[in-house]
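Numbering (the numbering used here), first residue to last: 4 to 516.
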Amino acid sequence: MAKTLNTQVLIAGAGPTGLMAAVQLMRFGVDFIIIDKKSGPTAESRAIAVTARSLEIYGQAGLARHAIGNGKIITSFNLYTNGKRKAEVKIGEIGKGLSEFSYILAFEQSKNEEMLSDHIIRNGKTVHWEHEFLELTEHKSTIRALVRHKNEILHVTAEYLIGCDGAKSPLRHQLNFSFKGGTYKHKFFVADTLMRWDLGYDKLIITPGEKNFCAFIPLKNNRTYRIIGTLPKRYFDNEDISFCDIEDAVAATIGVPVNFESVNWFSVYKLHHRGVDHFSEGRVFLAGDSAHIHSPAGGQGMNTGLQDAYNLCWKLALVVKKQAKPSLLDTYNEERLPFARWLLRFTDRIFNLMTSGNRFIKLFRKYIALKIAGMGLASGSIRPFIFKTVSQTGYSYKGRHLSKNRSRQQLAFTAGDRLPYFPDDDIYPLFTAAAFHLLYIGDSPLDAAMHRKIEKLFPFAVMTVEQQLTGKWEKLGVKSTLFMLVRPDNYIAFICDVLDEAEVNSYLKRYFN
């Protein structure tokens, strides 16, 4: 008789997205089973950039310091052509005052997976390696799935299923999700190399050459770089190619003397840009590469998957615990699908600009685009925008159904925005609990009667955070008492000047029990 496993949430796929989903569900005390047909965490380094927003998420789970200690902080971003630097910006400077993590961290996908899986195991849960998702037999009223472990077929029942099973997602195929997009005509290579040159070993270097494009990303080990680039056309049909075959072309693209001493990993591949037109079907949710794949421009892929899981799992937790209505889960699609579509357009345009062989685009890239980029990186007004875009700290859910602003004050932030960050008085450590927080800003502390009112008003646990109305808030437009309901993912859900029972109930009744 086949073995049956029961859980609240089944997670198919134990890459960064699936493991992040498991970590978040674990924070909320939701039971889960996470499976992957691999034998363990990814061996290859693969995705590499971890942005400020992802580090904030790691910080909330107590993992940021581990990631930083085992990664490489990239201190500057450089544009080179023909061996000459056309622009440089100190990454820490453009993000100064915008996040505790005002930089890009090179922390390989393999290390992310190891960190997350170790964290899960340390907290008493299991990652079920060598467990392959086979088939979904029911997904409307409940989840029933078939899973293969070696020679054994397992029946898994769950309330919900999160599909994090990658770009070739069997789950997405079975449920006939559309996955529209295309394939870039170029072939690309990736190499992790030990190298020697005179440019230093802590710079991110982008170099669009006349014929090829290369990016050099520093890794943790001294003098080790990740190189990503377009494969020279003469090798497109070569099945048996090594880095030795193209290293002269790579050196010519950067245009400076360089010695490649050894290669730890080398691969050639085609790049795709595709996305689903909805993130859920019944009790099934897609996240990460199973829902959207795009070029590596901007290092957005892994970070977007982490934030998909982060957005979804607190909502799943409240629904599973009967504290919220199932309709709350509709906001996952409402909030994450527009971002995925924007990201596909954004990365596609940048990547085409940097890699296109079109004569006019090449001329524009060489004589105009790089100058514009250089001026933008040097501009004090544009640089914060660049950081907010690349780090994903600037993305907002304003205008969505979960985001309501009832304040009459002229605030510099609104419902749907990420919680404000103050460099000299960071409030993020006050928002680490797996719960909603009610942030009160005022001249005097809340009295006992108000605390009792808050306790009765909300149908779920709310942690109260009190802040004195001082200059840091006044600079953001707060002139009098203000209440902010902050979501478990540290986005602002609801803002009001007075905690009016009717007004709060009107907001809560749509999604919460």
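The beta-carbon is built from N, C-alpha and C at its ideal position, and this holds for glycine as well.
Own chain residues within Cβ distance below 7 Å of residue i, not counting five before or after
{"i": "Ala254", "result": "Val261"}
{"i": "Tyr238", "result": "Ile244, Asp248, Ile249"}
{"i": "Glu135", "result": "Lys40, Val150, Arg151"}
{"i": "Ala418", "result": "Lys401, Ser406, Lys407, Asn408, Ile495, Ala496, Phe497, Ile498"}
{"i": "Glu458", "result": "none"}
{"i": "Thr396", "result": "Ala55, Arg56, Leu101, Ser102, Arg421"}
{"i": "Tyr204", "result": "Pro221, Asn225, Arg226"}
{"i": "Ser394", "result": "Thr54, Ala55, Arg56, Gly98, Ser102"}
{"i": "Asn215", "result": "Gly232, Thr233, Pro235, Ala252, Thr256"}
{"i": "Glu527", "result": "The requested residue 527 does not occur in the structure, where the chain is confined to residues 4 to 516."}
{"i": "Pro299", "result": "Ile231"}
8 Å Cβ cutoff met for residue i and residue j
{"i": "Thr227", "j": "Ile257", "result": "no"}
{"i": "Phe342", "j": "Gly98", "result": "no"}
{"i": "Leu222", "j": "Glu264", "result": "no"}
{"i": "Glu162", "j": "Val26", "result": "no"}
{"i": "Leu485", "j": "Glu469", "result": "no"}
{"i": "Ala109", "j": "Ile51", "result": "yes"}
{"i": "Leu472", "j": "Ile444", "result": "yes"}
{"i": "Cys316", "j": "Ala24", "result": "yes"}
{"i": "Gly166", "j": "Ala290", "result": "yes"}
{"i": "Ala437", "j": "Pro491", "result": "yes"}
{"i": "Tyr424", "j": "Leu101", "result": "yes"}
{"i": "Asn516", "j": "Ala327", "result": "yes"}
{"i": "Ser48", "j": "Arg229", "result": "yes"}
{"i": "Leu66", "j": "His122", "result": "yes"}
{"i": "His158", "j": "Ile37", "result": "no"}
{"i": "His297", "j": "Asp351", "result": "yes"}
{"i": "Val53", "j": "Gly72", "result": "no"}
{"i": "Leu178", "j": "Asn81", "result": "no"}
{"i": "Ala17", "j": "Ser120", "result": "yes"}
{"i": "Glu133", "j": "Ser42", "result": "yes"}
{"i": "Gly308", "j": "Pro19", "result": "yes"}
{"i": "Val259", "j": "Trp200", "result": "yes"}
{"i": "Val293", "j": "Ser172", "result": "This sequence places Ser at residue 293; Val is not what is there. Their beta carbons are under 8 Å apart, which means Ser293 touches Ser172 by this criterion."}
{"i": "Leu414", "j": "Val287", "result": "no"}
{"i": "Ala320", "j": "Phe35", "result": "no"}
{"i": "Lys6", "j": "Glu155", "result": "yes"}
{"i": "Gly21", "j": "His142", "result": "no"}
{"i": "Arg339", "j": "Asp311", "result": "yes"}
Residues bridged to residue i (per DSSP)
{"i": "Trp530", "result": "The structure shown does not extend to residue 530, since the chain is modelled only from 4 to 516, so the question has no answer here."}
{"i": "Asn262", "result": "Arg199"}
{"i": "Tyr163", "result": "Val12"}
{"i": "Ala52", "result": "Ala109"}
{"i": "Thr396", "result": "Answer is none; Thr396 lacks a bridge partner."}
{"i": "Tyr494", "result": "Arg421"}
{"i": "Cys499", "result": "Phe486"}
{"i": "Asn408", "result": "Ile498"}
{"i": "Phe219", "result": "Ile208, Ile230"}
{"i": "Phe190", "result": "A small correction: the amino acid at residue 190 is Lys; Phe does not occupy that position in the sequence shown. Lys273."}
{"i": "Gly184", "result": "Arg277"}
{"i": "Phe439", "result": "Val465"}
{"i": "Glu138", "result": "Leu149"}
{"i": "Ala416", "result": "Here residue 416 turns out to be Phe, not Ala, going by the sequence shown. DSSP, once it has assigned bridges, lists no residue as partnering Phe416."}
{"i": "His158", "result": "Thr7, Leu149"}
{"i": "Gly445", "result": "Gln471"}
{"i": "Phe515", "result": "Ala327"}
6 Å CB neighbourhood of residue i in its chain, flanking five on each side removed
{"i": "Phe246", "result": "Ala194, Val266, Phe269"}
{"i": "Glu504", "result": "none"}
{"i": "Thr435", "result": "Gln63"}
{"i": "Phe180", "result": "Val279"}
{"i": "Thr160", "result": "Asn9, Arg147"}
{"i": "Arg125", "result": "none"}
Same chain, Cβ closer than 8 Å to residue i, neighbours up to 5 away in sequence not counted
{"i": "Phe191", "result": "Ile231, Gly232, Thr233, Leu234, Val271, Tyr272, Lys273, Leu274"}
{"i": "Tyr106", "result": "Ala55, Ile76, Ile77, Thr78, Ile94, Gly95, Gly98"}
{"i": "Leu441", "result": "Ile457, Phe461, Val465, Met466, Thr467, Val468, Phe486, Met487, Leu488, Val489"}
{"i": "Val323", "result": "Gln11, Val12, Val33, Glu162, Tyr163"}
{"i": "Leu433", "result": "His440, Val468"}
{"i": "Lys318", "result": "Ala327, Leu331, Leu332, Thr334, Tyr335"}
{"i": "Asn493", "result": "Glu59, Gln63, Arg421, Leu422, Tyr431, Phe434"}
{"i": "His454", "result": "Thr467"}
{"i": "Thr140", "result": "Arg147, Ala148, Leu149"}
Cβ-heavy atom distance, residue i to the ligand ATP, below 7 Å
{"i": "Ala148", "result": "This structure does not include the ligand ATP; it has no bound ligands of any sort."}
Touching by the beta-carbon criterion (3+ pairs, under 8 Å), the stretch 400-412 and the stretch 107-122: no
Inspect the CB distances between the stretch 174-194 and the stretch 268-284 and report whether three or more fall short of 8 Å. yes
Go through the stretch 63-99 residue by residue and report every complete run of the beta strand (DSSP E) that reaches 3 residues or more, in order. 75-77, 79-84, 87-93
Restricting to runs no shorter than 4 residues, where is the alpha helix (DSSP H) found entirely within the stretch 225-303? The alpha helix (DSSP H) runs lying completely inside the stretch 225-303 and spanning 4 residues or more are 246-257, given in chain order.
At which residue ranges does the stretch 459-484 contain complete beta strand (DSSP E) runs of 3 or more residues, listed in the order of the chain? 465-471
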